[in-house]
Amino acid sequence: MEIRPDEFLSFTQWLGPALLFFLIAVPLLTFVAVFACFVFSAARRGPVEAFYAVAGTIATAIGEDLVATSLRRIMAIARLTVKESIRRRVIVGFVIFVLIFLFAGWFLDVKSDDPAHLYLSFVLTTTGYLVIVLGLFLASASIPADIKSKTIYTIVTKPVRAGELVVGRILGFVAVITVLLALMGAISYLFVVRGLDHEHAVLPDSVTPLPPRVEGEASPGWEGTTTMNAHHRHTWTIDTEGSGRTNRLMGHEHVVTRREAGTGADQSTYELGPPIGALVARVPIYGQLRFLDRAGNPASKGVSVGKEWEYRSYIEGRTLASAIWTFQGLSERDYPTGLPLALTLSVFRTYKGDIVTRVQGIVIVRSTDPRNPVECEPIPFESEEFTTQQITVPLKLRPVGQEGIGGGEIDLFRDLVRDGEVEIIVRCDDRSQYFGMAQADLFIEAPQASFVWNFAKAYVTIWLQMVIVVCLSVMFSTFLSTPVAMLATVSAVLLGFFGTFVRDLRTGDAYGGGPVEAFIRLVNQENVMSPLEFGTGEIGVQIVKFIDGALLLVMHSFSAVLPDFSGLGRASEYVAYNFNFYDQLLARQCLTTLVYVTAIAIVGYFLLRTRELAA
Amino acid sequence: MSSDVVVQSVPQAATESPTDVVIETRNLTKVYRDFWGRQKVRALKALDLEVRRGEIFGLLGPNGSGKTTTIKLLLGLLFPTSGRALVFGKDATDVGKNERIGYLPEESYLYKFLNAEETLDFYARLFNIPAAERRDRINRLISDVKLDWARRRQLKEYSKGMTRRIGLAQALINDPELILLDEPTTGLDPIGTREMKDLILRLREEGKTVLLCSHLLPDIQDVCDRIAILHQGELKELGRIDTLLTVQDETQIRARGLSAGAEEEIRQVIARHGGELVQMDHPTTTLEELFLSIVRESEAHPGRRAHERKEPR
Chain A
1294 MEIRPDEFLS FTQWLGPALL FFLIAVPLLT FVAVFACFVF SAARRGPVEA FYAVAGTIAT
1354 AIGEDLVATS LRRIMAIARL TVKESIRRRV IVGFVIFVLI FLFAGWFLDV KSDDPAHLYL
1414 SFVLTTTGYL VIVLGLFLAS ASIPADIKSK TIYTIVTKPV RAGELVVGRI LGFVAVITVL
1474 LALMGAISYL FVVRGLDHEH AVLPDSVTPL PPRVEGEASP GWEGTTTMNA HHRHTWTIDT
1534 EGSGRTNRLM GHEHVVTRRE AGTGADQSTY ELGPPIGALV ARVPIYGQLR FLDRAGNPAS
1594 KGVSVGKEWE YRSYIEGRTL ASAIWTFQGL SERDYPTGLP LALTLSVFRT YKGDIVTRVQ
1654 GIVIVRSTDP RNPVECEPIP FESEEFTTQQ ITVPLKLRPV GQEGIGGGEI DLFRDLVRDG
1714 EVEIIVRCDD RSQYFGMAQA DLFIEAPQAS FVWNFAKAYV TIWLQMVIVV CLSVMFSTFL
1774 STPVAMLATV SAVLLGFFGT FVRDLRTGDA YGGGPVEAFI RLVNQENVMS PLEFGTGEIG
1834 VQIVKFIDGA LLLVMHSFSA VLPDFSGLGR ASEYVAYNFN FYDQLLARQC LTTLVYVTAI
1894 AIVGYFLLRT RELAA
Chain B
550 MSSDVVVQSV PQAATESPTD VVIETRNLTK VYRDFWGRQK VRALKALDLE VRRGEIFGLL
610 GPNGSGKTTT IKLLLGLLFP TSGRALVFGK DATDVGKNER IGYLPEESYL YKFLNAEETL
670 DFYARLFNIP AAERRDRINR LISDVKLDWA RRRQLKEYSK GMTRRIGLAQ ALINDPELIL
730 LDEPTTGLDP IGTREMKDLI LRLREEGKTV LLCSHLLPDI QDVCDRIAIL HQGELKELGR
790 IDTLLTVQDE TQIRARGLSA GAEEEIRQVI ARHGGELVQM DHPTTTLEEL FLSIVRESEA
850 HPGRRAHERK EPR
């Protein structure tokens, strides 16, 4: 799984720049909004009256409406919204959900190598989309329906503030969908757990004693195979102590236990436990990555091997080129059996090499103490491409270059880790072959977190997305009719979702150009890499680029202040890949959503208040 | 609220102090525009009105004359193009005034999925009413509008008259000082109409101010103290209903005990024949006649105020 650089930031690291952006963006947007209102008003009534109108509206908003806002009225409207949603058969959305799940089994690939990923991404995507669509339909219909049926006349002629109406509506819809989402989450959890659950039996004939490690010794245990269940069959081993495991297959394994039935070992029966390891929340500890070039000098990144995707950069084999990760916050208590490293490397070959053995690499653990940079002897490994490989750094290591002194061992935590900090160096050990890596490609697997809580976190982010969609829908529906409000909400969500893509288009990191250029390329069936041809000469292309530049600027400006929906969808990816979603990231997203909700509600208040409801 | 001043009789307009002006409009004008700001309809032209505490004021006019526009302007549902609308001395767009007013819309625009109790409970929660009093009021209002038997039925099952009555209950939930009724009797049968009128008169006895608009003349004639007649957005007539319906330049004589021959002469000299003069005053017209004459005159001479005389205000 690819991890974005900004996701490494802790809450406090993120808060500073985010607050700065907030403090710049909010006054700027407020000014733009107030000025736009003034211009709009001045066009109708002249500048002087417009000034008083705008100033009066703001003064009333703060001086009267904010002060008079009552929780009782908000709750009354929220309750009404809940009743309305129930009587408008919100349950239909839930029935669709259940139906999808009833028949999902037909479409999910039962022979997948990673069924947990398949099941998790299926339930998270389904509930995510369904809940957002539900929010969109429910929330964008309410206020326009009230205005159309004129029921709003009886409400706004009571002492109801526009803000109370907006917030009450939002709260009501959020309450209804929260209940549905909680139900969906519970059903999804059961669906995943039950879907992945299966049992194997041991094939009695397959049980054979393990061959002894040294000729003449007793057999260290037994091995065997299991029955074919859920489209797969495990092999297993068990030692004489009676503890055994199956091999890891389709993302899980089983515990093997022995039941003594008679006197001899061959009289025993073997039993397999439920699948374990399929639903976990791995906690990766990421380090800071830096590079050394082939001469051993610090470099900002490795070399490029000419791949378009610049996520990874490469180091050359058999040179001093190194990738160095600095880890912090390690303690012996968390890792009593050594440091479990998870390494995902990309390999770039300049020649075919030995076809049997893979490209070799070494891992070195080094102290960060500048006076005494102790490092251990290289731990060799064979690179496994396309998968994540596990390398455990043992607690007792041999120091490099100091064999004479003490002749002995150094302790990982006593001698190398200083104040919880240590460096892990990766080098490629084959001449003219390259290893490619990014910051997230090497991590230490900390003790696992709770899967249920991780699963819940994915639902919390789905909830956050739903809340923003509900707020946007209610806000847009204060001045637009239902279909237009829905369209506006969808546009805002899409622009928020593709915000980074729009930015990349502007900077040229993404190819294909802006809307006009893309359209021309579509019609002419040109690919995105070839230079644009339009009109007779250079001037046509210039015009297109100019228009696109302006359009992209506008789109980029909008997307910069819209909620980052692709970021909010990240928790689902983390969970589907069995990674623990950072609590800090969740806290960041919660805070950001709260800010958006507040801002959208304020905008909704002004739009509804300045609207002539009976016009 | 104080009802001591107004309970006994119709207020004497001339002696009212300015603080008793509940509704005041000054030069109130409303122009409906389309999306591009182009003028579509001039719905209300420079309306000046004053409604005083404790009176029942009727807005009368044919369809499209600006009655409902006036009420919507007074409620802040519409914003004036120019001029001002003041309710309790505050701008009509001020939400705070809503604490003291009740509004029955043209049709009862209520949530059809709620039952009578839920409806009143919802609207009551929009006001600062303690929970115990809220329950009392809901029960009292439901029995006042005679819907006890249907209090748990959803409003979508209600007949038009029942909807109208629950709409009225909704308008009275906050015990308002000022009640605006838009076409209160439409859709009601004769008995329902009678009950509605009785209720309006009872509201006046309680010291409340009522502004109602209607094109049903008998309703206006029966209950209103003062009326304003609007036509094509202009104020055509304004005054006390008894004054307006008095025909000033005619004299009506009712006599008894005259012979058939004398009746012939009486047209020339009444007094000399010594008949007993039973009644001698100005005849009253019906509101219907007044209304029709104003509309006819207005259409003949647009822009002029009907009748030359100035009624006492």
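Chain order of the listed sequences is A and B. What the first sequence shows, in our numbering, is residues 1294 to 1908, in sequence order. What the second sequence shows, in our numbering, is residues 550 to 862, in sequence order. For each residue, glycine too, the CB sits at the ideal point set by N, CA and C.
Starting from residue i, trace the beta strand (DSSP E) both ways and give me its first and last residue.
i	result
residue 785 (chain B)	783-789
residue 597 (chain B)	588-601
residue 1727 (chain A)	1726-1730
residue 575 (chain B)	570-582
residue 1577 (chain A)	1574-1579
Counting contacts by CB-CB distance shorter than 8 Å, is residue i in contact with chain B?
i	result
residue 1374 (chain A)	no
residue 1365 (chain A)	yes
residue 1299 (chain A)	no
residue 1433 (chain A)	no
residue 1597 (chain A)	no
residue 1429 (chain A)	no
residue 1449 (chain A)	yes
residue 1454 (chain A)	yes
residue 1490 (chain A)	no
residue 1600 (chain A)	no
residue 1443 (chain A)	yes
residue 1358 (chain A)	yes
Between which two residues does the alpha helix (DSSP H) harbouring residue i extend?
i	result
residue 621 (chain B)	616-624
residue 716 (chain B)	709-720
residue 1750 (chain A)	1744-1770
residue 1810 (chain A)	1808-1817
residue 743 (chain B)	739-754
residue 1419 (chain A)	1408-1441
residue 1849 (chain A)	1831-1854
residue 1447 (chain A)	1444-1449
residue 1465 (chain A)	1455-1489
residue 1363 (chain A)	It is not in any alpha helix (DSSP H) - residue 1363 (chain A) carries neither H nor E in the DSSP assignment.
Apart from the five residues on each side of it in sequence, which residues of its chain come closer than 8 Å, Cβ to Cβ, to residue i?
i	result
residue 1435 (chain A)	1374, 1377, 1462, 1466, 1767 and 1770
residue 1492 (chain A)	1522, 1565 and 1567
Give a yes or no on whether 8 Å exceeds the smallest Cβ distance from residue i to chain A.
i	result
residue 550 (chain B)	Residue confidence is low: residue 550 (chain B) scores 39 on pLDDT, short of 50, so the model does not pin down where it sits. No coordinate-derived value is stated.
residue 577 (chain B)	no
residue 754 (chain B)	no
residue 652 (chain B)	yes
residue 627 (chain B)	yes
Quick check on the burial criterion: 16 or more other C-beta atoms within 10 angstroms. Buried or exposed for residue i?
i	result
residue 1750 (chain A)	buried
residue 1408 (chain A)	buried
residue 1294 (chain A)	exposed
residue 1839 (chain A)	exposed
residue 1432 (chain A)	buried
residue 1697 (chain A)	Any reading at residue 1697 (chain A) must be qualified, since the residue scores a pLDDT of 46, below 50, and its modelled position is unreliable; the value itself is stated next. The residue is exposed, with fewer than 16 neighbouring Cβ atoms inside 10 Å.
residue 1909 (chain A)	Nothing can be reported for residue 1909 (chain A): it is not among the residues displayed for chain A, which extend from 1294 to 1908.
residue 1913 (chain A)	Any property of residue 1913 (chain A) remains undetermined from this structure, which presents chain A solely from 1294 to 1908.
residue 1314 (chain A)	exposed
residue 657 (chain B)	buried
residue 1345 (chain A)	exposed
residue 1707 (chain A)	exposed
residue 1498 (chain A)	exposed
residue 714 (chain B)	buried
residue 564 (chain B)	Note that residue 564 (chain B) scores a pLDDT of 45, beneath 50, so its modelled location is shaky; the value from the coordinates is reported in the next line. By the 10 Å Cβ count, residue 564 (chain B) comes out exposed.
Below 7 Å CB to CB, which residues in the same chain sit around residue i once its five sequence neighbours on both sides are set aside?
i	result
residue 672 (chain B)	719 and 722
Can you list, in chain order, the residues of its chain with a C-beta nearer than 6 Å to that of residue i? Leave out the 5 residues immediately preceding and following it.
i	result
residue 635 (chain B)	573
residue 569 (chain B)	601 and 602
residue 1681 (chain A)	1635 and 1637
residue 1764 (chain A)	1463, 1890 and 1893
residue 1528 (chain A)	1518 and 1540
### Message
At 4 residues or longer, what runs of the alpha helix (DSSP H) sit wholly inside the region 619-684 of chain B?
### Response
665-674
### Message
Restricting to runs no shorter than 3 residues, where is the beta strand (DSSP E) found entirely within the region 1625-1707 of chain A?
### Response
1632-1636, 1639-1642, 1653-1659, 1672-1675 and 1682-1686
### Task
Can you check the region 1586-1624 of chain A for any beta strand (DSSP E) of at least 3 residues that lies completely inside it and give the ranges in chain order?
1606-1609 and 1615-1620
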